[in-house]
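Engineer: The numbering used here numbers the first residue of the sequence shown as 2 and each following residue consecutively. Backbone N, C-alpha and C define an ideal beta-carbon position, used for all residues, glycine too.
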Amino acid sequence: MNTFALVIGFALLVLSLFYVALPFRTAGSAQKSSRAALRRPGVSKQALQESHQKAILALRDLDFDYRAGKVSDDDYSSLRTNLIAQAAASYQRLEDMSDAKLESLIQARRKQRPAGNADVPANPDPPSEFKCENCQAPLVEGANFCMKCGTMVTKEFCPHCGKPVGADDSFCPACGLVLESSPHPDKK
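(1) Would you list the one or two residues that DSSP bridges to Glu157?
(2) Entirely within the stretch 46-130 and at least 4 residues each: give me those alpha helix (DSSP H) ranges in chain order.
(3) Rounded to a whole number of angstroms, what is the C-alpha to C-alpha distance between Ser17 and Asp75?
(4) Any idea if His53 is buried or exposed, counting beta-carbon neighbours within 10 angstroms, 16 or more meaning buried?
(5) Please report the distance separating the alpha-carbon of Gln108 from that of Cys176.
(6) Look at the Cβ atom of Leu178, then the Cβ atom of Asp170, and state whether they are nearer than 8 Å.
(7) Can at least three beta-carbon pairs, one atom from the stretch 44-64 and one from the stretch 78-94, be found at a separation below 8 Å?
(8) Taking the DSSP output, what are the residues bridged to Pro139?
(9) Here's the rule I'm using: 16 or more other beta-carbon atoms within 10 Å means buried, otherwise exposed. How should Val15 be labelled?
(10) State yes or no: is the C-beta of Glu134 within less than 8 Å of the C-beta of Gly163?
(11) For Leu63 and Gly10, what's the separation of their Cα atoms in angstroms?
(12) When burial is assigned at 16 or more other CB atoms within 10 Å of the CB, is Cys173 buried or exposed?
(13) For Pro24, is the classification buried or exposed, using 16 other Cβ atoms within 10 angstroms of its Cβ as the cut-off for buried?
(14) Have a look at Val72 and Phe65 and give me their C-alpha separation to the nearest angstrom.
(15) By a C-beta neighbour count over all protein chains shown, 10 Å radius and 16 as the cutoff for buried, is Leu49 buried or exposed?
(16) Between Cys136 and the rest of its own chain, which residues show a CB-CB distance below 8 Å, the 5 nearest in sequence each way excluded?
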């Protein structure tokens with residue numbers, strides 16, 4: 002009976018050790034499979050958002066547990082590094098998906114553009130009427146002051162061509178029309 006009890010005890014010990022170690026083995030493989038799933042090209046945006054959110058929440062919980070003294074320094078640093086890497090990977094995949102979608106929209110828009118607009122420059126310089134008289138910086142349409150130097154923007158326009166004219170101009174710089182002199186408060 003003594004040997005039989007030892008064999009039964011040893012069998013129970015092996016089974017209990019296997020049972021106790023099972024969550025550690027499946028947690029590691031589940032984490033690896035979730036990381037591998039994130040790298041697959043067919044992962045949906047919602048799955049990536051959920052993965053990112055889970056990593057952020059786990060990171061928050063880990064920080065809370067560390068401050069409460071439940072996690073050692075060594076465990077904290079390794080777990081935190083893994084969670085940050087997981088969150089960053091899912092965030093990067095989300096950004097890549099957004100960039101790819103935006104790029105495909107740009108390509109579709111370029112295909113829709115008529116051929117007559119092919120000679121239009123990609124970044125045209127702003128017209129001269131939208132530049133500051135003082136520093137020549139581009140002005141935002143409807144601005145009252147230059148954003149670079151603070152000079153007040155001219156609000157007078159040529160009645161013939163509609164181009165802006167200076168307060169002291171006698172002629173329109175664009176079309177040459179003789180401008181009527183308007184009385185200025187500082188001039189007599």
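Structural biologist: Considering the structure as presented:
(1) Start at 1 with the first residue of the sequence shown, and residue 157 comes out as number 156. Answer by DSSP bridge pairing, in chain order: Val166.
(2) 46-68, 74-113
(3) Position 16 of the sequence shown, counted from the first residue, corresponds to residue 17. Position 74 of the sequence shown, counted from the first residue, corresponds to residue 75. Between Ser17 and Asp75, the C-alpha separation is close to 28 Å.
(4) On the sequence shown, position 52 is the one that residue 53 refers to. Answer is buried; the Cβ neighbour count reaches 16.
(5) Position 107 of the sequence shown, counted from the first residue, corresponds to residue 108. Position 175 of the sequence shown, counted from the first residue, corresponds to residue 176. In a straight line, the C-alpha of Gln108 is about 40 Å away from that of Cys176.
(6) As a first step, residue 178 is located in the sequence shown; it is residue number 177 there, counting from the start. As a first step, residue 170 is located in the sequence shown; it is residue number 169 there, counting from the start. Against a cut-off of 8 Å, the Cβ pair of Asp170 and Leu178 comes out as no contact.
(7) yes
(8) Here residue 139 corresponds to residue number 138 of the sequence shown, with the count starting at 1. Lys132.
(9) Residue 15 sits at position 14 when you count from the first residue of the sequence shown. Exposed: under 16 other Cβ atoms inside 10 Å.
(10) Reading the sequence shown from its first residue, position 133 is the one you call residue 134. Reading the sequence shown from its first residue, position 162 is the one you call residue 163. Contact flag unset, no.
(11) Locating residue 63 in the sequence shown gives position 62, counting from the first residue. Locating residue 10 in the sequence shown gives position 9, counting from the first residue. Looking at the two C-alpha atoms, the distance is approximately 38 Å.
(12) Counted from its first residue, the sequence shown places residue 173 at position 172. Cys173 should be labelled buried.
(13) As a position in the sequence shown, residue 24 is number 23, starting the count at 1. By the 10 Å Cβ count, Pro24 comes out exposed.
(14) Counted from its first residue, the sequence shown places residue 72 at position 71. Counted from its first residue, the sequence shown places residue 65 at position 64. Roughly 9 Å between the two C-alpha positions.
(15) Working through the sequence shown from its first residue, we reach residue 49 at position 48. Leu49 comes out buried.
(16) The residue given as residue 136 occupies position 135 in the sequence shown. Cys147, Lys149, Cys150, Thr152, listed in sequence order.
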